[in-house]
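A.B. asks: Heads up: the sequence shown at position 193 corresponds to 243 in the working numbering, and the numbers run straight through without jumps.
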Amino acid sequence: MENMTLSDIAAAVQAGGVGVSVVGDPGVVTVSGTSCDSRTVRPGDLFVCKGAAFKPAFLAGALERGAVAYLCDETHAAELSSVAPGMPALVVSDLRRAMALSSAAAFGHPDRDLPVIGITGTKGKTTAAYMLRSIVEAAHGEGSCGIMGTVETYDGADETPSRNTTPEPPDLWRHLANARNAGLAALVMEVSSQALKYDRTLGVELAAGCFLNIGLDHISPVEHADFEDYFTSKLKIFSQSRVAVVNLDSDHADRVLEAARTSERTVTFGIRRPDADVWADGLEASEDGVSFTMHLHGGVQRISLPFPGEFSVSDALCAASCAELMGIGAEKIARGLEATRVPGRMEFYRSADRQLTVVVDYAHNGLAFESLLSSIAGTFGDARTIAVFGAVGGKARERRYELPEVAARYVDYVILTADDPWTEDPADICREMERALPEGFPHEIVVDREAAAARAFELAKERRSVVLLLAKGHEAYQLTKEGFVPCASDRELARRGVAAHDRERAENAQL
Numbered sequence: 051m052e053n054m055t056l057s058d059i060a061a062a063v064q065a066g067g068v069g070v071s072v073v074g075d076p077g078v079v080t081v082s083g084t085s086c087d088s089r090t091v092r093p094g095d096l097f098v099c100k101g102a103a104f105k106p107a108f109l110a111g112a113l114e115r116g117a118v119a120y121l122c123d124e125t126h127a128a129e130l131s132s133v134a135p136g137m138p139a140l141v142v143s144d145l146r147r148a149m150a151l152s153s154a155a156a157f158g159h160p161d162r163d164l165p166v167i168g169i170t171g172t173k174g175k176t177t178a179a180y181m182l183r184s185i186v187e188a189a190h191g192e193g194s195c196g197i198m199g200t201v202e203t204y205d206g207a208d209e210t211p212s213r214n215t216t217p218e219p220p221d222l223w224r225h226l227a228n229a230r231n232a233g234l235a236a237l238v239m240e241v242s243s244q245a246l247k248y249d250r251t252l253g254v255e256l257a258a259g260c261f262l263n264i265g266l267d268h269i270s271p272v273e274h275a276d277f278e279d280y281f282t283s284k285l286k287i288f289s290q291s292r293v294a295v296v297n298l299d300s301d302h303a304d305r306v307l308e309a310a311r312t313s314e315r316t317v318t319f320g321i322r323r324p325d326a327d328v329w330a331d332g333l334e335a336s337e338d339g340v341s342f343t344m345h346l347h348g349g350v351q352r353i354s355l356p357f358p359g360e361f362s363v364s365d366a367l368c369a370a371s372c373a374e375l376m377g378i379g380a381e382k383i384a385r386g387l388e389a390t391r392v393p394g395r396m397e398f399y400r401s402a403d404r405q406l407t408v409v410v411d412y413a414h415n416g417l418a419f420e421s422l423l424s425s426i427a428g429t430f431g432d433a434r435t436i437a438v439f440g441a442v443g444g445k446a447r448e449r450r451y452e453l454p455e456v457a458a459r460y461v462d463y464v465i466l467t468a469d470d471p472w473t474e475d476p477a478d479i480c481r482e483m484e485r486a487l488p489e490g491f492p493h494e495i496v497v498d499r500e501a502a503a504a505r506a507f508e509l510a511k512e513r514r515s516v517v518l519l520l521a522k523g524h525e526a527y528q529l530t531k532e533g534f535v536p537c538a539s540d541r542e543l544a545r546r547g548v549a550a551h552d553r554e555r556a557e558n559a560q561l
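In structure tokens form, the structure reads like this:
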């Protein structure tokens, strides 16, 4: 990668349609990266002054850590020039677009040297991403595929838990550069609607952009104003994809296919859809997962997934479609799919006597609840099902009535609890959800999540049961008024519940 000067960065920003003014002499400043967090600035970075809570002191801290220039919007230019007099700067008309364009240029467009796969959808992004990662590693070896998503980020150099599904451009492009420099075979990334709407992924050339599905979610004053804004944002993925990968089973599939025409090529997938390029039939469900026959451009392969439900088959078809585009054969696709494990997604924990099954899943919207709970009901028909879940505070208010309504159709008992209440009282959220349950439906409110899980396990002692711990998955924190507060993850709660069940059965057997 050639060293970029600040003049080169300014030219790239301007070429992207953003107005830019240069302060100081940019020709003598060499830029090696970008950052929007003063705590993580590296020598040679262009520091991006962004955010409603930005303080001039952040720029001073960035300069102390070795930033060589800064980028800001026109509103803050005068104030920041007094913090760093004489420091070269780019003053831009659109900070978000400029941040993405400058980051792509500073890190040398690593996406041009690395297959990058982007996946969007209301549900299934994480599972499909991990499935594709597992396939790539089955073909190229462990550690050969990078990932950016809700659970973690791995780029060949760093492996860290994620805070955002899709990171801000300076972090995103740094991860892409690390993946290129590490010689990874590919990188798969979840692409959120917020990332597309606010240009976090602007400039990333996707070898394939995948559209899984669309449902009502993320509608709030701080996310998307309405469904149209949400849907339109997601469809933007095709504007930066060489190949569009489309689920024919999605709602509004015709509109998705129309938007996909902006890509050079479209590949389709679907269940029992011989008209698709990649399709599945012969689905057979069991308590251990689902098996199916995959039809891949004329070839046939039998696959067994360690996950339940048709929605898992759909995610697998998406991953298989991308893998085939990358030249990976059907046998390695099958091997990778069957070996997939996703932290906090459709994880099953079973007692030794098989009388207790705990399902940990990140399902947190109506579409995901419908898919998961209908599958569990169809597979564990003779077991009592107990669902533990809540709804987030401050956004996505539709979940407060959708989730209880869907759950009541498929489970026997509901325990409403806390789930990232943020600025709201979790008890108020639970009571609001309670009103959405059918009159007389068996339920209770246990605000403390650990206590709610314990109550579910207590109820599960009465007969063969499935306990569903929903919406938190791998997360080991609650977002509250006090910020992020550590807590036991649903995975840990599941392990505790099964271990306690096994101990009690063993003790009873000795009596």
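All C-beta atoms, glycine included, are put in the ideal place defined by N, C-alpha and C.
#1: Within 8 Å, do at least three Cβ pairs link the segment 386-398 to the segment 523-533?
#2: What ranges does the alpha helix (DSSP H) occupy inside the segment 100-128, keeping only unbroken runs of at least 4 residues that lie completely in it?
#3: With distance defined between alpha-carbon atoms, name the residue in 543, 236, 547 and 84 nearest to residue 375.
#4: Less than 6 Å between C-beta atoms, sequence neighbours within five positions excluded: which residues of the same chain meet that for residue 228?
#5: In the segment 225-296, which residue ranges form an unbroken alpha helix (DSSP H) of at least 4 residues, counting only runs that do not cross its ends?
#6: Could you check whether residue 170 and residue 199 sit closer than 9 Å to each other, using their CB atoms as the reference points?
#7: Helix, strand or coil, according to DSSP, for residue 368 in the structure here?
#8: In three-state DSSP terms, what is residue 568?
#9: Which residues in the same chain as residue 144 place their Cβ atom closer than 7 Å to its Cβ, once the five residues preceding and following it in sequence are excluded?
#10: If you draw a straight line from the C-alpha of residue 485 to the C-alpha of residue 451, how long is it?
#11: Measure how close the beta-carbons of residue 195 and residue 238 come, nearest whole angstrom, since I'm counting them as under 8 Å.
#12: Taking the beta strand (DSSP E) that residue 321 falls in, what are its first and last residues?
#13: By the three-class DSSP mapping on this structure, what secondary structure does residue 63 have?
#14: Flag this pair as touching only if the segment 348-367 and the segment 326-337 have three or more C-beta atom pairs under 8 Å; answer yes or no.
#15: Nearest-angstrom Cα distance between residue 96 and residue 140?
#16: Per DSSP, which residues does residue 170 bridge with? Please list them.
#17: Please state the DSSP three-state secondary structure of residue 547.
#18: Are residue 154 and residue 56 closer than 9 Å when you measure CB to CB?
#19: What do you get for residue 101, buried or exposed, if any count of 16 or more other CB atoms within 10 angstroms of its CB means buried?
#20: Suppose you measure from the CA of residue 562 to the CA of residue 138; what does that come to, to the nearest Å?
#21: May I have the straight-line CA-CA distance separating residue 87 from residue 112, to the nearest angstrom?
#22: Could you give the DSSP three-state label for residue 540: helix, strand or coil?
#23: Could you give the residue range of the beta strand (DSSP E) that holds residue 195?
#24: Report the residue from 542, 73, 149 and 106 whose alpha carbon sits nearest the alpha carbon of residue 136.
#25: On the DSSP letters alone, give me the boundaries of the beta strand (DSSP E) that residue 79 sits inside.
#26: Indicate whether residue 264 and residue 242 have their beta-carbon atoms separated by less than 9 Å.
#27: Out of 511, 348 and 343, which one is the CA nearest neighbour of residue 364?
#28: Just to confirm before moving on: does the CB-CB distance between residue 389 and residue 128 stay below 9 Å?
#29: What first and last residue would you give for the alpha helix (DSSP H) that runs through residue 176?
#30: Buried or exposed: residue 411, going by 16 or more other Cβ atoms within 10 Å of its Cβ?
#31: Can you look up residue 346 in the DSSP assignment and give me helix, strand or coil?
#32: If the criterion is Cβ atoms closer than 9 Å, does the pair residue 483 and residue 509 meet it?
#33: Rounded to a whole number of angstroms, what is the C-alpha to C-alpha distance between residue 470 and residue 380?
#34: DSSP three-state label for residue 307, please.
#35: Are residue 297 and residue 262 closer than 9 Å when you measure CB to CB?
#36: How should residue 371 be labelled, buried or exposed, when 16 other C-beta atoms within 10 angstroms of its C-beta is the threshold for buried?
C.D. replies: So, from the data block:
#1: Segments in contact, yes.
#2: Counting only runs that start and end inside the segment 100-128, the alpha helix (DSSP H) elements of at least 4 residues fall at 106-114.
#3: Checked all of 543, 236, 547 and 84; the closest Cα to residue 375 is 236.
#4: Cβ-Cβ distances below 6 Å link residue 228 to 205, 206 and 207 in the same chain, with the five nearest sequence neighbours on each side left out; the list follows chain order.
#5: Within the segment 225-296, complete alpha helix (DSSP H) segments of at least 4 residues are found at 243-247 and 277-285, given in chain order.
#6: It is not a contact, given that the beta carbons lie outside the stated cut-off.
#7: Helix, per DSSP.
#8: What is shown of the chain runs 51 to 561, which leaves residue 568 out entirely.
#9: Counting only Cβ-Cβ distances below 7 Å, and skipping sequence neighbours, we find 68.
#10: So the two alpha carbons sit approximately 8 Å from each other.
#11: A Cβ-Cβ distance of about 7 Å is found for the pair residue 195 and residue 238, placing them in contact under the 8 Å criterion.
#12: Here the beta strand (DSSP E) through residue 321 covers 315-321.
#13: Taken through DSSP and simplified to helix, strand or coil, residue 63 comes out as helix.
#14: A contact is defined here as three or more CB-CB pairs under 8 Å, and the segment 348-367 meets this definition with respect to the segment 326-337.
#15: So the alpha carbons of these two residues sit roughly 9 Å apart.
#16: Paired residue(s): 261.
#17: Reduced to three states, the DSSP call for residue 547 is helix.
#18: No.
#19: Flag for residue 101 reads exposed.
#20: The first residue shown for the chain is 51 and the last is 561, placing residue 562 beyond what the model contains.
#21: Taking C-alpha positions only, residue 87 is separated from residue 112 by approximately 8 Å.
#22: Collapsing the DSSP output to three states places residue 540 in a helix.
#23: First-last of the beta strand (DSSP E) with residue 195: 195-198.
#24: Among 542, 73, 149 and 106, the Cα nearest to that of residue 136 belongs to 73.
#25: Neither: residue 79 is in no beta strand (DSSP E) and is coded neither H nor E.
#26: Against a cut-off of 9 Å, the Cβ pair of residue 242 and residue 264 comes out as no contact.
#27: The candidate whose alpha carbon is nearest that of residue 364 is 343.
#28: Taking 9 Å as the cut-off, the beta carbon of residue 389 is found no closer than this to the beta carbon of residue 128.
#29: Looking at the DSSP string, the run of the alpha helix (DSSP H) that includes residue 176 is 175-190.
#30: Buried, by the Cβ-count rule.
#31: DSSP places residue 346 in strand when its eight states are reduced to three.
#32: For residue 483 and residue 509, no; Cβs fall outside 9 Å.
#33: Going by the C-alpha atoms only, they are around 41 Å apart.
#34: Note: residue 307 maps to helix in three-state DSSP.
#35: Against a cut-off of 9 Å, the Cβ pair of residue 262 and residue 297 comes out as a contact.
#36: Result: buried.
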